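Under our numbering, residues 27 to 326 are what the sequence shown spells out, in order. Virtual Cβ for every residue (Gly too), placed ideally from N, Cα, C. Owing to the predicted nature of the structure, the values given are computational and were not obtained by experimental measurement.
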Amino acid sequence: MSERLILISEHLRVALSSKGAELHSVLDKDHREWLWQGDPGSWPRRAPVLFPVVGRCGGNIVRHRDTSYPMTIHGFAPDAEFAVEAHEEDHCVLVYTANDQTRESYPFDFRLQVSFELSDASLVQRATVTNLGDDDMPSSVGFHPGFQWPLPSSGTSGREKHVVMFERHEDHPVRRISDCGLEPPVHPTPVFHQEIHLDDELFRAGAIVFDRLRSRKAWFGVPGLEGVRIDLCDMPHLGLWTLPPANFLCIEPWQGYGDPKDFTGQLLDKPGMVRLAPGASYTRTIRMAFLCETPDWLGS
């Protein structure tokens, strides 16, 4: 049975579940909920951890050597039951390791450790992947937090007043996702003067994928009011997604992304994967700063 874990600081009360090592709630001291609470009628999840793939694999399979293995979108981690390795008032560590069930879709021995550390109004989330096997192991990892849209800090401002602001200019074309996979980067960027003005029409064609991201930070909210700053740290890719007209926005830092159209190669050759030697590890980190004032990034 899944365990509910609570972290507390002066400014926030954070809840998460051992199932999927998933963040479930972020309440400020005024009892305002910042995290999407899930809805079976639209998107039931809240902030899943993605592993060992990010996005959808072509044909819902991955290939290793001469064998094809079934793989669900974003991998099996969102439905995995993690063991609680440590839990204190302001931090916790959860772990999931390879087993007979995971080997049916991912023929590698691994250890996935997910940690949360709460300080003031900021939450740091880390994922560390370790190769416990004797062969090179490919993997991706990602974070998928969904935030309330509109945010609880927006007052009477509607959804249409919200923006995503980037630390730097993002003028590269973006990628979109079709039924055939990730499309080439030929779509004009929706970022103008370092901002995306959000509306449902942006997402009728699905997620917006930034695979050549310059910024290390993004901010979501109504300019002039408190919002959420997401520090991407060492994450190279970013997805923005919602299901119109649902009241959430997912800001998704990724290591890797879904299969490009017509990709039929080996898992080791899938774009964005990290190739780990036996015994090696890598860590990816994000920081979510809540109650964060509008940054002064314009012109950076």
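Roughly how many whole angstroms lie between the Cα atoms of residue 108 and residue 121?
5 Å
Distance between residue 206 and residue 327 (C-alpha atoms, nearest Å):
Nothing about residue 327 can be reported from this structure: the residues present for the chain run from 27 to 326 only.
Jot down the residue ranges of each uninterrupted beta strand (DSSP E) in the segment 252 to 277, minimum 3 residues, whole runs only, in chain order.
253 to 257 and 263 to 267
So is residue 201 buried or exposed if we call it buried at 16+ other beta carbons inside 10 Å?
buried
In whole angstroms, what is the alpha-carbon distance linking residue 191 and residue 318?
13 Å
Looking at C-alpha atoms only, which residue of 294, 27, 114 and 238 is the closest neighbour of residue 79?
294
Under a Cβ-count criterion, where at least 16 other Cβ atoms within 10 Å of its own Cβ denotes burial, should residue 299 be classed as buried or exposed?
buried
Using the Cβ count rule (16 or more neighbours within 10 Å means buried), how would you classify residue 96?
exposed
Can you say whether residue 157 is buried or exposed, counting buried as having 16 or more other CB atoms within 10 angstroms of its CB?
buried
Residue 112 versus residue 118: straight-line alpha-carbon distance, rounded
5 Å
In the DSSP assignment, the alpha helix (DSSP H) including residue 127 goes from what residue to what residue?
For residue 127, the uninterrupted alpha helix (DSSP H) run begins and ends at 126 to 129, by DSSP.
Can you give me the Cβ contacts of residue 37 inside the same chain, cut-off strictly under 7 Å, excluding the 5 residues immediately before and after it?
54, 55, 146, 147 and 317
Anticipated Cβ contact below 8 Å, residue 44 with residue 110, distance rounded
6 Å
Cβ neighbour criterion (16 or more within 10 Å) applied to residue 94:
Counting Cβ neighbours within 10 Å, residue 94 comes out exposed, since fewer than 16 surround it.
Given residue 39, which residues of its chain have a CB within under 6 Å of its CB, disregarding the five upstream and five downstream residues?
53
Just mark residue 47 as buried or exposed, buried being the case when its beta carbon has 16 or more other beta carbons within 10 Å.
buried
Per DSSP, which residues does residue 45 bridge with? Please list them.
Residue pairing of residue 45 in beta bridges, as defined by DSSP: 107.
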